[in-house]
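First up is the structure itself, then whatever we jot down about it.
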Amino acid sequence: MLSLQACSQSPEQISGEAQLQQSVLDYVNQYRRGRGLAPLKMMPLITAEALKHSKNMADGRVDFGHDGFDGRADRLMSQIEQSNAIAENVAYGKFSAQEVVNRWIQSAGHRKNIEGKFNLTGVGIIKRNDGYIYFTQIFLNK
1 MLSLQACSQS PEQISGEAQL QQSVLDYVNQ YRRGRGLAPL KMMPLITAEA
51 LKHSKNMADG RVDFGHDGFD GRADRLMSQI EQSNAIAENV AYGKFSAQEV
101 VNRWIQSAGH RKNIEGKFNL TGVGIIKRND GYIYFTQIFL NK
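Numbering (full-length UniProt numbering), first residue to last: 1 to 142.
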């Protein structure tokens, strides 16, 4: 059961989440490079959608998972010209960036997204007051 706590953020939390966000991207790109795949480029528009979904999950507005993915996909693909593929990974827990990426890699479906034919990404991270962190990474090909 999820706690329905408010998700106010201090400047320290925002800074820490930005570092976590960059670390998730770095670990995903390190994995991709190790398999001969091009690194993903962070795009602010995609990050904003990922962050909104993480916040909605953390606040209990939506269940943990991919609720609303079709809407996120439609919004992004209509705003990013020539986009042709989109996918999403989510996670929550008290994980470091490396731990969450490793867990995704160990899961066939999540690994498929990480290894997919994508060139853009956005990572949204929200840390609740109880220490649980909600991660959303959206992958897009343009």
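Think of the CB as a built atom: it goes at the ideal place given N, C-alpha and C, for glycine as much as any other residue. Here the structure is a predicted model, which is why all the values come from computation and not from measurement.
Tell me where the alpha helix (DSSP H) around residue i begins and ends.
i: Leu51; result: 44-58
i: Asn113; result: 108-114
i: Leu76; result: 69-79
Is residue i buried or exposed, if buried means 16 or more other CB atoms sit within 10 Å of its CB?
i: Asn102; result: exposed
i: Ala58; result: buried
i: Phe64; result: exposed
i: Glu99; result: exposed
i: Gly36; result: exposed
i: Gln21; result: buried
Quick check: what's the CA-CA separation for residue i versus residue j?
i: Trp104; j: Ile46; result: 19 Å
i: Tyr134; j: Ser23; result: 15 Å
i: Leu140; j: Ile80; result: 9 Å
i: Gln30; j: Ala38; result: 10 Å
In terms of residue numbering, what span does the beta strand (DSSP E) encompassing residue i cover?
i: Ala85; result: 85-93
i: Arg122; result: It is worth fixing the name first, because residue 122 is Gly in this sequence and not Arg. Taken as a continuous stretch (DSSP letters only), the beta strand (DSSP E) holding Gly122 covers 120-127.
i: Tyr134; result: 133-141
In the DSSP output, which residue or residues are listed as bridge partners for residue i?
i: Lys117; result: Paired residue(s): none; Lys117 is not in a bridge.
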